[in-house]
Amino acid sequence: MLLPVEGHHLHMVDLGQGTPLVLHSGWVASWGLWLPLVERLQTRWRCVGYDHRGTGASTFPPEAIRAEALVDDLFRVLDALAIEQAVIAGESLGCMVCLGAVLSDPSRFLGLITVGGGPRVPEQRGEAAVADPVDWPIRIAKFVDACLPEPDAAPMHRFAEGTLLPSGPEAAARMSAALAGTAPELEAVAVPTLVIHGDPWSARRRGAGRRRTRTGRHDPRRTARRDRRRRSCTTLDTTGRSRVRDQLMVDADSTRRALARAFARER
4 MLLPVEGHHL HMVDLGQGTP LVLHSGWVAS WGLWLPLVER LQTRWRCVGY DHRGTGASTF
64 PPEAIRAEAL VDDLFRVLDA LAIEQAVIAG ESLGCMVCLG AVLSDPSRFL GLITVGGGPR
124 VPEQRGEAAV ADPVDWPIRI AKFVDACLPE PDAAPMHRFA EGTLLPSGPE AAARMSAALA
184 GTAPELEAVA VPTLVIHGDP WSARRRGAGR RRTRTGRHDP RRTARRDRRR RSCTTLDTTG
244 RSRVRDQLMV DADSTRRALA RAFARER
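Right, here's the structure in full:
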């Protein structure tokens with residue numbers, strides 16, 4: 004369905020029944036990034052996804068991408084679907100939008116889930132390079148490879164690229180610039196929060212997550228062994244305590260399974 008906003012249209016989907024779960028993708032990924040998870044949860048949860056500005060089937064031009072507007076759109080989706088309270092989940096840069104919404108009006112949210120987010124967004128660098136249309140497909144391919152370096156993640160690469168490529172380099176540059184330097188007051192979050200994250204990944208530093216054999220070739224087995232030792236899932240609650248569960252995040256699918264288990268416990 005399409006929601007009219009500021010002379011443009013926000014594309015959203017509403018699937019399943021149960022407690023509302025609103026999903027916000029990261030950077031310039033469409034709502035479809037969550038589809039594998041929605042397929043598992045829609046029998047127990049009312050899953051709401053939408054293409055935020057600059058992504059998917061929404062019609063906003065790049066210049067309409069602003070940090071405050073992204074947060075406002077989230078509330079517009081809630082209001083349009085008559086959702087008084089919901090659990091909200093954000094991925095990557097989408098975590099900042101979700102945090103902004105929770106800090107703005109915590110009464111609208113039953114809980115917050117952040118997947119692969121962070122405490123702040125670095126200041127913007129190299130926006131012109133991001134906006135280069137010639138290098139856009141190459142940049143996305145490298146970005147996906149950096150985010151999914153696991154040896155068994157190859158089937159996910161094309162799926163992930165398909166959620167990112169249609170947005171285009173101009174929208175990507177504006178999205179990065181709009182949220183650059185964002186640093187929410189995490190201690191002010193007043194709703195139950197689940198944080199799912201692994202170790203720092205190769206999207207941040209060249210060559211991270213890679214191991215090579217004596218012949219110089221990449222050895223995925225060594226990478227997998229290292230990941231099984233180090234990657235975990237952290238849960239934060241609103242009392243200020245945190246704990247690390249023995250829940251390994253080794254491959255792309257394990258992230259979806261971890262989320263599904265977390266939601267199942269809530270039910």
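Just add 3 to the spot in the sequence shown (first one is 1) and you have my numbering.
Using N, Cα and C, we set each Cβ at its ideal position, and we do this for glycine too.
Where residue i falls, given that 16 or more other Cβ within 10 Å makes a residue buried
i      : result
Met4   : exposed
Pro7   : exposed
Ser110 : exposed
Ala193 : exposed
Ala85  : exposed
Ile141 : exposed
Pro65  : buried
Ala104 : buried
Pro172 : buried
Arg56  : buried
Gly119 : buried
Ala163 : buried
Ala157 : exposed
Glu153 : buried
Gly10  : exposed
Ala191 : exposed
Ala89  : buried
Cys236 : Any reading at Cys236 needs caution, since the residue's pLDDT is 40, under 50, leaving its predicted position unreliable; the model's value is listed next. That one is buried.
Reduced DSSP category for residue i - H, G, I as helix; E, B as strand; rest coil
i      : result
Val80  : helix
Glu279 : Lying before the first or after the last residue shown, residue 279 is absent from the chain, which here runs from 4 to 270.
Ala206 : Model confidence at Ala206 stands at a pLDDT of 42, short of 50, so the residue's coordinates are unreliable and nothing is read from them.
Glu87  : coil
Gly10  : coil
Gln23  : According to the sequence provided, residue 23 is Pro. The question's Gln does not apply to it. Correct three-state label for Pro23: strand.
Val105 : helix
Arg111 : helix
Val41  : helix
Gly97  : helix
Ala70  : helix
Ser179 : helix
Pro64  : coil
Gly35  : helix
Which residues DSSP lists as bridging residue i, in chain order
i      : result
Leu18  : Cys50
Ile358 : Residue 358 lies beyond the stretch modelled for the chain, which goes from 4 to 270, so this question has no answer here.
Leu5   : His14
Ala92  : Leu26, Ile116
Practice item. Jot down the residue ranges of each uninterrupted alpha helix (DSSP H) in the stretch 113-174, minimum 4 residues, whole runs only, in chain order. Key: 130-133, 139-150, 157-167
Exercise for review: Mind the definition here: the stretch 106-125 touches the stretch 47-65 only if three or more C-beta pairs lie below 8 Å; say whether that holds.
Suggested key: no
Review point. Would you call the stretch 161-181 and the stretch 62-79 in contact, with 3 or more CB pairs under 8 Å?
Key: yes
Check your understanding: Is the stretch 24-39 touching the stretch 92-110, taking contact as three or more C-beta pairs under 8 Å?
Key -> yes
Practice item. Check whether the stretch 30-48 touches the stretch 103-121, counting contact only when three or more Cβ pairs, one atom from each stretch, lie closer than 8 Å. Key: no
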